[in-house]
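> Taking our numbering, the leading residue of the sequence shown gets 730, the next gets one more, and so forth.
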Amino acid sequence: MIANPSRSLQPFDPNPSPGLSGQHFRRIAAHGFGDPYNAYPHSMAWYKGYLYVGTTRANLCMLKVSKIPTKFAFWPVDCPDNLYDLDMRAQIWRYHPADGEWREVYRSPLITGEKGNVIPRDMGYRGMAVFQGESDPEPALYVSTYASAEGPGAYVLRSVDGEHFAPVSKPGLLELPTTSIRTLTPFKDRLFTAPTGRAGGSPNVADIAVIYESRDPIRGDWTPVNAPGFGDPDNAGVFEMIGFGDHLYAGTMNFKRGFQVWRTRAAGDPPYAWEQIIAEGAYRGPLNQGVVSLAEFKGALYIGGGIQNGGIDSVHKVGPAAPELIRFHPDGHWDLIVGAQRDTPDGSKQPLSGFRPGFNNLFNGYFWRMAAHEGWLYLGTLDWSRMLSYADRERWPAWFRRTVDRIGLEKIIERQAGFDLYRSADGENWLPVTTSGFGNPYNYGLRSLVSTPHGLFVGAVNPFGPRVACREREEWAYRDNPDGGLEIWLGHR
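1) Of the choices Asp963, Gly966, Tyr978, Gly1014, whose alpha-carbon is the least far from that of Gly987?
2) Taking all protein chains shown into account, do 16 or more other C-beta atoms lie within 10 angstroms of the C-beta of Ala827, making it buried, or fewer, making it exposed?
3) By DSSP's criteria, Trp1063 is part of a beta bridge. Which residues make up the other side?
4) Tell me the rounded alpha-carbon separation between Ile797 and Gly1094.
5) Ignore the nearest five residues each way along the sequence and tell me which others in Gly1194's own chain have a CB closer than 6 Å to its CB.
6) On the three-state DSSP scale, how would you describe Leu1219?
7) Let me confirm a value: Pro734 is counted as buried when at least 16 other C-beta atoms fall within 10 Å, else exposed. Which label applies?
8) Do Pro789 and Pro1170 have their C-beta atoms within less than 9 Å of each other?
9) I'd like to check one pair, Pro1086 with Pro1052: are the Cβ atoms closer than 9 Å?
10) Locate the beta strand (DSSP E) running through Gly847, then write down its first and last residues.
11) If you measure between the beta carbons of Thr925 and Arg944, is that distance less than 9 Å?
12) For the candidate residues Thr1110, Glu1103, Pro1049, whose alpha-carbon lies nearest to that of Phe715?
13) Considering only C-alpha positions, which residue in the set Lys917, Leu902, Thr907 is nearest to Trp951?
14) Specify, as a first and last residue, the run of the alpha helix (DSSP H) that Met1135 falls within.
15) Do you know offhand how far Leu1160's Cα is from Ala1154's?
16) Just to check my reading of the structure: Val1179 and Ala774 have Cβ atoms closer than 8 Å, yes? What is that Cβ distance to the nearest angstrom?
17) How would you label Ile1217, buried or exposed, when you count the other beta carbons within 10 angstroms and need 16 or more for buried?
18) What are the partner residues of Arg1115, as DSSP defines its beta bridges?
19) How many angstroms separate the CA atom of His1183 from the CA atom of Ser1177?
20) In the structure shown, what three-state DSSP assignment does Cys790 receive?
21) Taking the Cβ atom as the reference point for each residue, do Gly845 and Thr874 lie within a distance shorter than 9 Å?
22) Is the beta carbon of Asn955 less than 9 Å from the beta carbon of Val939?
23) I need the straight-line Cα distance from Tyr1012 to Glu892, nearest angstrom please.
24) Asn1089 to Pro805, Cα distance in whole Å?
25) May I ask which residues mark the beginning and end of the beta strand (DSSP E) holding Glu1009?
26) Say whether the region 808-823 touches the region 770-785, bearing in mind that this needs 3 or more beta-carbon pairs closer than 8 Å, one atom from each stretch.
27) For Asp1149, is the classification buried or exposed, using 16 other Cβ atoms within 10 angstroms of its Cβ as the cut-off for buried?
28) Would Thr907 pass as a contact of Gly882 if the rule is Cβ separation under 9 Å?
29) Compute the beta-carbon to beta-carbon distance between Val1190 and Gly1174, rounded to the nearest angstrom, for a pair I have assumed lies under 8 Å.
30) Going along the chain, which residues of its own chain have a beta-carbon closer than 7 Å to the beta-carbon of Ser750, five neighbours each way excluded?
31) CA-CA distance, Leu1081 and Tyr1107?
32) State the start and end residues of the unbroken beta strand (DSSP E) segment that holds Gly1188.
33) Span of the alpha helix (DSSP H) holding Leu902?
34) Can you tell me where the beta strand (DSSP E) with Arg951 in it begins and where it stops?
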């Protein structure tokens, strides 16, 4: 985009690296590590010279048996009637860049569920962080889990060798009704986390927007550090956190008025003093429902938004709508980078990049992950256009049905399907790396981004396997999908 003279000045890098284009990425894992039920590379971390990837299994089959309302005319993938007829045990894989070898180092144990049946203790590994607590002899790899609703709850796991993982928390963190823990955030010699999902409900909402800290996770002690919901009962959960400068930042999910962002210096005794820095979804309201990603880049904090369930929240009747990108400066002012022009109590906001929400792509439902790498900020999306093939069009809003009819369903999928990955050297001018999921239309989301000495690792979400629905002569049938299962890509020059 052409530079806008009204933009705020950013730090000038006289020797920026050239950055990574699509040609610099190569696929290093495909088909879910050989098992297409490995659908989400939900977590990723660099630890002791290896890349670790935590998977979540058969997500669309989990969705089918969940209480989340859907709008499919035909289910996108072939699923058994009983979810646990599948091997739903989450896995952790390790990659050694020196020899290019992948190895499965851990798989969830089986337990007896509340109905007396055998179930996996962990159905997914949703977060990872490297942290050294008071009793840790060295930095350890901590992993947060996604549990079955029929089990005791989510755990925090720990490993010091990258092969043996053991719970160091009580189920549900503190025996809370928590089935999912999304974020693990080291900050000022403490590890911070927040319950994300609840038993019998959404995996994204805990109905308890409380952050917990531990100086010594091995002991299993976790202390709340904020008032529930920051005093707002409409904050349904804390979805993302990051340490930036002298503050810990936390982004909420708020269905009624849009996300909030809070920060604290975490000084003194908890609960800490918190300051609200962004309100009402940056004054876009519920269309900025939740904070999905946070990243520090060149002295500012970048905030990526989204609407749960891929940009269309049927429960709260929000969407479809594409996300925005906000930039917050430590002195308290903020910029709209990607989004919709509007007047706010903080003044008129124009998208400094020139892009409307979603980088001008309605089908981008989240700005899912961001990471700084060699002087560039990279941002990956979830693009739900692939789902149009299976949707019940009679349940679409009239305006959306007219839009699809005008452009054509097949043309939309051909041109849009697959996640987007963009990069920027200054946070304002953005270049596409890929807008097609690296050429695989079933790679509909970018969930993991990790910068390492060996390059930038990308984890692609792909739940369309092993068998995907295909329409043949007005009839639906399931066929083997050679492009199904998560993928891992590595970018380097």
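Here a beta-carbon is modelled for each residue, glycine too, at the ideal position from N, C-alpha and C.
Well, looking at it:
1) With distances taken between Cα atoms, Gly987 lies closest to Gly1014.
2) Note on Ala827: under 16 other CB atoms within 10 angstroms of its CB, so exposed under the neighbour-count rule.
3) For Trp1063, the pairing in a beta bridge is given by DSSP as Phe1057.
4) A straight line joining the alpha-carbon of Ile797 with that of Gly1094 spans about 17 Å.
5) Excluding positions up to five away in sequence, the list reads Pro765, Asn1210, Gly1213, Gly1214.
6) DSSP places Leu1219 within a strand segment (E or B) once states are collapsed to three.
7) At Pro734 the pLDDT is 33, less than 50, meaning the model places this residue with poor confidence; the figure from the coordinates comes in the next sentence. In the assembly as shown, Pro734 is an exposed residue. Its beta-carbon has fewer than 16 other beta-carbons within 10 Å.
8) The question names Pro, yet the displayed sequence has Leu at residue 789. No, Cβ-Cβ distance for Leu789 and Pro1170 is not below 9 Å.
9) When the beta-carbon positions are compared, Pro1052 and Pro1086 come within less than 9 Å of each other.
10) According to the sequence as given, residue 847 is Val; it is not Gly. Segment 847-849, the beta strand (DSSP E) holding Val847.
11) Cβ atoms of Thr925 and Arg944: not closer than 9 Å.
12) Outside the displayed span of the chain (730 to 1222) sits residue 715, for which this structure offers no information.
13) Taking only the C-alpha atoms, the option nearest Trp951 is Leu902.
14) Reading off the sequence shown, one finds Arg at residue 1135, where the question assumed Met. Bounds of the alpha helix (DSSP H) holding Arg1135 are 1127-1136.
15) Their Cα atoms are separated by approximately 9 Å.
16) 7 Å between Cβ atoms; contact.
17) Result: buried.
18) Answer is none; Arg1115 lacks a bridge partner.
19) Their backbone Cα atoms lie some 16 Å apart in a straight line.
20) In the structure shown, Cys790 adopts helical secondary structure according to DSSP, grouped into three states.
21) Contact annotation: Gly845 and Thr874 have beta-carbon atoms that are not nearer than 9 Å.
22) In this structure, Val939 lies closer than 9 Å to Asn955 by Cβ.
23) Going from the Cα of Tyr1012 to the Cα of Glu892 covers about 46 Å.
24) Looking at the two C-alpha atoms, the distance is approximately 26 Å.
25) Following the DSSP letters along the chain, one finds Glu1009 in no beta strand (DSSP E) but inside the alpha helix (DSSP H) bounded by residues 1009-1012.
26) Between the region 808-823 and the region 770-785 there are three or more C-beta pairs closer than 8 Å, enough to call the two in contact.
27) Taking all protein chains shown into account, Asp1149 has 16 or more neighbouring C-beta atoms within 10 Å of its C-beta and is therefore buried.
28) Yes, they are a contact pair.
29) Right, the Cβ-Cβ distance comes to about 4 Å (below 8 Å), so this counts as a contact.
30) Scanning its chain for C-beta atoms nearer than 7 Å, with the 5 sequence neighbours on each side dropped, one finds around Ser750 the residues Val1162, in chain order.
31) Cα to Cα, the separation comes out at about 17 Å.
32) Here the beta strand (DSSP E) through Gly1188 covers 1184-1190.
33) Per DSSP, the unbroken alpha helix (DSSP H) holding Leu902 starts and ends at 901-904.
34) Looking at the sequence provided, one finds Trp at residue 951 rather than Arg. Trp951 -> no beta strand (DSSP E), and no H or E assigned at all.
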